[in-house]
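J.: Sequence lines, in order, name chains D and V.
Just so we're aligned, residue 1 is where the first sequence starts under the UniProt record's numbering, counting upward by one.
Just so we're aligned, residue 1 is where the second sequence starts under the UniProt record's numbering, counting upward by one.
We treat Cβ as the ideally placed atom computed from N, Cα and C, and that holds for glycine.
In this text, all values refer to a predicted model and were calculated from it rather than measured experimentally.
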Amino acid sequence: MSTASPVKTTAVSAEGVWKAYGTGEAQVVALRDVSVQFASGAFTAIMGPSGSGKSTLMHCLAGLDTTDRGTVHIGDTPVTGLSDKALTKLRRDKIGFIFQQFNLLPTLTAEENITLPAAIAGAKADPDWIKKIIHTLDLTDRLSHKPTELSGGQQQRVACARALASRPEVVFADEPTGNLDTRSGAEVLRFLRTSVDEFGQTIVMVTHDPSAAAYADRVVFLADGQIVEDMTEPTADKVIDKMKHFEELVAAAQEAAA
Amino acid sequence: MLRATLKGMASRKARLVLTSLAVVLGTMFVAAAMVLTATMEKSVSGVIADAFTGVDAVVTSAEDPAAAQGNTPSATLIPADVLDTVRGVDGVDTADGDVSGQVNAIGDDGKLVGAFAPTIGFNWNDQSTGYNEIRDGRGPQADDEVIVSAQFVTDAGLSIGDTVTAYSYSADRADYEIVGVFGLSGDRDSLAGETQMGFTTAEAQRLLTQGENAYMTIYVTGDAATGDIADAIGADYRVQTGEEASEEAAEGFAAVADIMGYIFLGFGLVAVFVSVFLIINTFTIIVAQRQRELALLRAIGAARGQVVGSVLAEAAVIGVIASIAGLGLGVLLGWGLSQLVSSSAMGGLPVELEVPPTSLWALAVGIGVTVLSAIIPAVRASGVPPVAAMREAVNPPKPLRGITIAGLAVTAVGGVLVALGLTDNLGDLGLTGFLTGVGIAFVGITLLTPILSRPLVALLGAVMSWSFSGRLGKLNAGRNPRRTAITASALMIAVALVTGIATIVSSFKETTAELADQNLDSDLIVMGQQGANIPTFAPETLAEIKALPDVSAVGDMYGEFFGAEVDGRQTALLASEDLPTSLGIFSGTVAEGSADLPDDGLAVNESAAADYGVELGDTVPVTFADGTEVPLRVSAILDDALLTDGWWVAPAQIEHFTVPKPMQAYIQVADGADVDAVQDQVDDILADEPEVSVTNNADFVEQQTSQLDILLNSVQILLALAIIIAIIGVVNTLVLSVLERTRELGLLRAIGMTRGQARRMITVESVIICLFGAVLGIAVGIGLGWTVQQALEEEGLTSFALPWDLIVTYLVAAVAVGLLAAIAPAARAAKLNVLNAIAYE
Ligand SMILES: Nc1ncnc2c1ncn2[C@@H]1O[C@H](COP(=O)(O)OP(=O)(O)OP(=O)(O)O)[C@@H](O)[C@H]1O
Ligand SMILES: [Mg+2]
């Protein structure tokens with residue numbers, strides 16, 4: 001499916017990343033020695049059972065959380081070891097976020113929410129680009145509405161538009177359709193797909209839903225803090241099939257770890 | 001349920017501390033007021049009881065003792081033969097006559113000693129040594145010797161061996177050698193800041209009884225029954241036991257302590273009033289934040305009553321703990337204030353702490369206010385539908401119509417009460433009506449603040465939205481009009497009170513300035529600071545001033561303010577050596593007759609003439625304070641004018657005045673002459689006049705209003721307390737808002753907002769809330785000041801002036817307060833852990 005970029009560079013990469021929460025008895029190792037690359041212009045889904053470390057991985061990749069060991073790069077920029085200020089600037093300029101919910105500021109209109117990162121940076125968003133995204137997301141007549149006046153699907157579309165507004169190097173989405181019905185979810189996923197195909201956007205999306213994963217170019221499976229499978233050209237059926245054998249995969253991973 | 005409440009409270013400590021602080025401050029001041037009053041009363045009565053130790057009976061005139069004070073010699077004297085009679089009564093061991101009254105002493109600097117507290121002269125006798133302790137030297141043995149109090153030494157800059165000049169209203173100057181210095185028992189320098197001079201009895205009588213061999217009081221020791229003494233001297237005199245007299249004397253001081261107590265109580269109540277807003281606000285926000293928790297409780301079967309109970313229980317726990325803390329701190333503060341009052345105004349009176357049972361009221365007030373304030377939020381909490389637990393909690397802003405209508409109605413009621421209180425329609429209850437009206441109007445205006453907040457916050461915010469984080473701050477401030485409004489209200493009330501008082505003060509100043517400007521056609525004024533006595537100077541000095549070559553005219557004024565009667569009614573009498581000239585300078589004009597009064601002439605202004613029903617040519621009986629009664633003929637009717645209203649007698653009658661000396665002179669400098677040079681010349685002439693000095697018109701206005709400035713400053717200092725509570729309110733609201741918007745902040749930080757920007761956003765919100773409160777408070781304060789000025793226009797407060805300098809200061813202060821209040825909440829917002837903030841619950 002991926003046809004957009006002829007030259008594949010790496011947008012995001014993790015090298016031997018470890019992350020543990022707590023100490024001693026209560027210690028939980030969320031990520032153990034994770035190494036993974038995400039090609040630019042590709043749409044990657046991360047899947048795995050609850051508690052497998054998907055969100056943790058995403059947070060570490062996006063500079064929201066620090067790693068215990070290992071390094072993370074966004075493009076050429078090493079994320080590891082950056083100051084809070086530098087991380088903030090990195091997030092502002094190079095990363096777009098879509099969360100499961102609470103993506104928007106209730107005091108701002110849809111349009112203001114879309115241009116929020118630029119406003120924070122004190123810069124002016126590229127109007128042609130914004131217009132294009134808004135058009136693609138079919139938000140033209142919703143721009144002056146406050147988030148409370150929008151449906152959940154519309155809110156997530158506004159969040160998508162915001163994530164893309166500053167043309168970030170990569171967009172991270174943590175279960176962006178988790179709170180949506182099938183139709184609204186499909187709309188959002190279709191847009192993410194379009195943005196990859198047409199605009200060459202790089203997207204990393206955490207999801208539980210095999211049919212959502214099917215929109216991606218590649219699916220990375222996580223279990224117990226480790227990557228256990230890397231599937232390209234996924235379909236819903238292939239993913240479901242893989243998930244059925246998950247217990248075996250996890251057992252194999254644990255054996256490997258031991 | 002209670003367990004759940006307590007557990008919930010324990011998990012919100014910061015919030016509890018902030019809410020409690022408001023209650024603590026409110027109760028603290030109420031308690032301090034009561035402790036101060038009781039402590040001062042007890043300490044003062046202790047001292048007075050000391051003064052009467054060993055005195056078994058006290059004889060005074062049966063006439064009203066109040067009349068014995070002041071300048072007037074009176075019928076209240078006890079002739080020396082009465083003292084002899086008392087000495088002869090069975091059981092009387094000793095009896096000493098006491099002469100005391102106000103004297104004027106000239107200090108080292110050539111001016112009067114103790115301009116604000118009087119100098120008391122008395123006869124030093126055996127009895128004097130009872131509670132006075134000689135520190136140095138001895139008592140006076142000759143009429144030109146004097147023993148002075150330690151306070152006198154401090155104030156006058158004179159000490160043992162020096163010569164001091166003193167005189168009284170009725171006795172000319174004499175020089176005395178200071179032969180001793182005494183202090184009061186308990187190693188104090190004075191009773192209440194006064195200075196004292198002890199003379200021989202004969203000299204004290206020359207100064208204070210016009211030389212009559214008489215006394216004001218007789219102190220008796222021995223076991224004679226008061227009845228026996230009374231029988232011996234007759235019904236013209238009153239005989240009390242030492243104890244009775246001591247109690248009576250203490251009552252006078254108690255009244256002073258009471259007034260002080262009431263003032264503090266007033267500020268305590270303002271603090272409590274302001275705390276109410278803070279408490280309501282805090283509980284409203286807490287309830288809003290606990291909406292899901294409460295809904296969950298309701299869903300699993302808690303009754304509405306239980307929800308109300310849970311919120312009220314929380315309030316009660318806060319109320320009890322905070323009030324007890326407030327009471328404790330209040331006792332400390334009251335004790336501290338007593339010390340301060342004692343050392344600054346009571347000559348270091350030893351303070352005995354007294355915690356009156358009434359201070360428990362502070363507890364009741366603190367607990368009551370907290371619980372009552374929580375009722376509205378509690379009832380609102382119980383209205384949370386159980387389904388809210390399942391839904392996403394969205395709080396759409398409630399419509400403001402109801403609250404606005406209620407606000408208008410309450411404000412109107414308050415306004416009417418204020419108007420009634422100011423216009424004498426309520427009789428004795430006028431002041432109470434006025435104050436209650438102000439209180440009610442404040443509540444009403446508070447109800448109106450949410451609707452006012454929309455345009456005002458937008459306007460104030462527009463100024464701050466130059467940066468994006470500023471714009472977000474502005475939007476946040478406008479987000480919940482009720483919350484913003486109630487937070488700002490606390491500040492509004494404090495600012496409104498100071499602005500109101502400042503407006504009245506500046507109107508007084510403006511009126512005085514205009515008065516001087518419009519009514520005084522003079523360049524220089526000779527007068528003294530109004531102290532214990534009315535300051536005067538010698539007629540010869542006046543003549544000298546008149547004779548100065550560069551002086552073109554001098555208006556002068558003599559006065560008799562106590563004890564004179566016209567047509568049987570007590571009134572003040574005025575006189576001028578040259579009434580036509582004086583009228584010219586005082587902008588007075590003659591309506592009928594001639595101002596060049598004959599010796600039996602009388603001039604009076606139109607409205608007084610109408611009041612007394614006299615016309616030109618009528619003869620009216622006039623009685624002077626010295627008892628002289630003469631029929632005088634109205635030979636001039638004056639137009640009503642500010643400075644010349646009253647009864648004017650001819651120069652020939654001045655000799656009957658208690659103080660036949662001019663009080664004021666208004667000097668017109670010749671055209672082309674240098675006013676400053678003339679002022680210097682007059683100053684030289686006045687070198688030997690301790691009571692008065694010469695000022696130009698501008699300084700005159702300044703002097704006349706300096707006391708008002710002191711008043712204004714004290715009010716500002718006391719209201720700073722309300723402002724502190726208001727700041728806590730702003731901090732509280734901001735902290736709670738930051739907590740409430742954790743997720744939003746997390747989002748903003750996740751998509752690239754820097755810590756500095758987050759901090760700025762909160763700061764702008766804070767500054768807007770504070771400015772909103774200040775602007776509103778200034779507007780309300782000006783309205784309040786204007787109302788009072790309008791009501792007092794009849795009494796002479798003719799000008800209305802705004803205290804611009806203070807208004808600007810308050811606005812700047814509001815910005816400073818906003819910055820200050822934002823420090824902690826902004827730091828909190830900046831330190832926010834992005835990951836936790838965006839983590840789903
Ligand atoms: N702040 C934290 N403190 C302690 N443990 C944590 C924290 N965050 C995550 N964990 C633990 O780390 C592991 C991975 O968590 P993570 O949130 O990454 O899982 P996930 O794959 O996103 O799960 P889900 O699909 O439920 O969102 C879990 O065992 C979790 O309990
Ligand atoms: Mg997750």
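1. Here's the rule I'm using: 16 or more other beta-carbon atoms within 10 Å means buried, otherwise exposed. How should leucine 340/V be labelled?
2. Along the chain, where does the alpha helix (DSSP H) that runs through glutamate 149/D open and close?
3. Need the endpoints of the beta strand (DSSP E) that asparagine 605/V sits in, please.
4. In chain order, what residues of the same chain lie with their CB nearer than 7 Å to the CB of glycine 186/V, ignoring the 5 residues before and after it?
5. 8 Å is my cut-off, CB to CB: does glutamine 704/V come that close to chain D?
6. Determine the direct distance from the alpha carbon of glycine 756/V to that of glycine 70/D, and round the result to whole angstroms.
7. When you compare each of Gly266/V, Gly528/V, Thr94/V, Gly593/V to aspartate 126/V by their alpha carbons, which one comes out closest?
8. Please check if any C-beta of chain D sits within less than 8 Å of the C-beta of threonine 423/V.
9. Strictly below 7 Å CB to CB, what residues from chain V border alanine 121/D?
10. Run through the DSSP bridge pairs and tell me what tyrosine 131/V is partnered with.
11. For valine 730/V, which of Trp466/V, Thr226/V, Ile768/V has the nearest alpha-carbon?
12. Whose CA, out of Leu363/V, Val788/V, Gln196/V, Asp680/V, lies closest to the CA of alanine 156/V?
13. If you draw a straight line from the alpha carbon of alanine 26/D to that of lysine 19/D, how long is it in whole angstroms?
14. Distance check for valine 331/V and glycine 500/V, CA to CA, integer angstroms please.
15. Are the C-beta atoms of threonine 3/D and some chain V residue less than 8 Å apart?
16. I'd like to know if residue 847/V contacts chain D, where contact means its C-beta is closer than 8 Å to some C-beta of that chain.
17. Thinking just about the alpha-carbon of each residue, which of Gly336/V, Asn132/V, Phe182/V, Val58/V is nearest to the one in aspartate 229/V?
18. Can you pull the chain V residues whose beta carbon is under 7 Å from the beta carbon of residue 264/D, in chain order?
19. Along the chain, which unbroken stretches of the beta strand (DSSP E) at least 3 residues long are found entirely within the stretch 619-674 of chain V?
20. Is the beta carbon of lysine 244/D within less than 7 Å of some heavy atom of ligand 2?
21. Give the DSSP bridge partners of tryptophan 18/D, in chain order.
22. Kindly list the residues whose CB is nearer than 7 Å to the CB of valine 780/V, restricted to its own chain and excluding five residues on each side of it in sequence; keep chain order.
23. Output the distance between the C-alpha atoms of residue 847/V and leucine 36/V, rounded to the nearest integer angstrom.
24. At the 8 Å Cβ level, is proline 117/D part of the contact set with chain V, yes or no?
25. Identify the continuous beta strand (DSSP E) that holds glycine 97/V and give its terminal residues.
26. Any idea if glutamate 175/D is buried or exposed, counting beta-carbon neighbours within 10 angstroms, 16 or more meaning buried?
27. Could you check which residue in Arg290/V, Val148/V, Val634/V, Ile667/V has the C-alpha nearest to that of serine 382/V?
28. Give me the subset of the stretch 63-96 of chain D whose CB atoms are less than 9 Å from a CB atom of chain V, sorted by chain position.
29. Under a CB-based cut-off of 8 Å, is phenylalanine 102/D close to chain V?
30. Which one of Gly88/V, Ala204/V, Tyr167/V has the shortest CA to CA distance from proline 140/V?
31. Going along chain D, which residues have a C-beta under 7 Å from leucine 835/V?
32. Is it right to say valine 17/D is buried, meaning 16 or more other beta carbons lie within 10 angstroms of its own, or is it exposed?
33. Just how far apart, CA to CA, sit asparagine 71/V and proline 118/V?
34. Are the CB atoms of serine 20/V and isoleucine 321/V nearer to each other than 8 Å?
35. Leaving out five residues on either side along the sequence, give the residues of the same chain with a beta carbon under 6 Å from the beta carbon of alanine 513/V.
36. Could you pull the DSSP bridge partners for glutamate 740/V from this structure?
T.: Reading from the atomic positions:
1. By the neighbour-count definition (other C-beta atoms within 10 Å, threshold 16), leucine 340/V is an exposed residue.
2. Per DSSP, glutamate 149/D belongs to no alpha helix (DSSP H) and is neither H nor E.
3. In this chain, the beta strand (DSSP E) harbouring asparagine 605/V covers 601-605.
4. Answer for glycine 186/V: Pro350, listed in chain order.
5. At least 8 Å separates the CB of glutamine 704/V from every CB of chain D.
6. The straight-line gap from Cα to Cα measures roughly 30 Å.
7. Per the Cα distances, Thr94/V.
8. Contacts with chain D at 8 Å (Cβ-Cβ) do not include threonine 423/V.
9. Listed along chain V, the residues sitting closer than 7 Å to alanine 121/D by beta-carbon distance are Gly752.
10. In DSSP, tyrosine 131/V forms no bridge with anything.
11. Closest option to valine 730/V, Cα to Cα, is Ile768/V.
12. The residue with the shortest Cα to Cα distance from alanine 156/V is Gln196/V.
13. For alanine 26/D and lysine 19/D, the gap between their C-alpha atoms comes out near 14 Å.
14. Taking the Cα positions, glycine 500/V is about 31 Å away from valine 331/V.
15. Residue placement at threonine 3/D is poorly supported in this model, since its pLDDT is 44, which falls under 50; the coordinates still yield a value, given next. No, threonine 3/D lies away from the interface with chain V (no Cβ there is under 8 Å from its Cβ).
16. Since the first residue shown for chain V is 1 and the last is 841, residue 847/V is missing from the structure and cannot be characterised.
17. Looking at the sequence provided, one finds isoleucine at residue 229/V rather than aspartate. Ranking Gly336/V, Asn132/V, Phe182/V, Val58/V by Cα distance to isoleucine 229/V puts Val58/V first.
18. Look at the range of chain D in this structure, 1 to 258, and you will see that residue 264/D is not part of it.
19. Within the stretch 619-674 of chain V, the runs of beta strand (DSSP E) that reach at least 3 residues and sit entirely inside it are, in chain order, 619-623, 629-638, 647-649, 664-669.
20. Within 7 Å of the C-beta of lysine 244/D there is not a single heavy atom belonging to ligand 2.
21. In the DSSP output, where bridge partners are listed per residue, tryptophan 18/D has Arg69/D.
22. For valine 780/V, same chain residues with a beta-carbon under 7 Å away, outside a window of 5 residues either side, are Ile445, Met492, Ala496 in chain order.
23. Because chain V in this structure spans residues 1 to 841, residue 847/V falls outside the shown range and cannot be described.
24. Flagged as an interface residue toward chain V: proline 117/D, by a C-beta distance shorter than 8 Å.
25. For glycine 97/V, the uninterrupted beta strand (DSSP E) run begins and ends at 92-98, by DSSP.
26. Residue burial annotation: glutamate 175/D is buried, with at least 16 other C-beta atoms found within 10 angstroms of its C-beta.
27. That would be Arg290/V, whose Cα lies nearest to the Cα of serine 382/V.
28. Of all residues in the stretch 63-96 of chain D, Leu64, Asp65, Asp84, Lys85, Thr88, Lys89, Leu90, Arg91, Arg92, Asp93, Ile95, Gly96 have a Cβ within less than 9 Å of some Cβ in chain V.
29. Chain V, which has a Cβ nearer than 8 Å to the Cβ of phenylalanine 102/D, makes this yes.
30. It is Ala204/V whose Cα lies nearest to the Cα of proline 140/V.
31. Contacts between leucine 835/V and chain D, judged by CB atoms closer than 7 Å, involve His59, Leu64, Asp65 in chain order.
32. A buried status is given to valine 17/D, since no fewer than 16 other beta-carbon atoms sit within 10 Å of its beta-carbon.
33. Summary for asparagine 71/V: the model assigns pLDDT 42, below 50, so the residue's position carries little reliability; its value from the coordinates is reported in the next sentence. Here the alpha carbon of asparagine 71/V sits roughly 12 Å from the alpha carbon of proline 118/V.
34. In terms of Cβ geometry, serine 20/V and isoleucine 321/V form a close pair [threshold 8 Å].
35. Answer for alanine 513/V: Val701, listed in chain order.
36. The partner list for glutamate 740/V (beta bridge, DSSP) is empty, contrary to what the question assumes.
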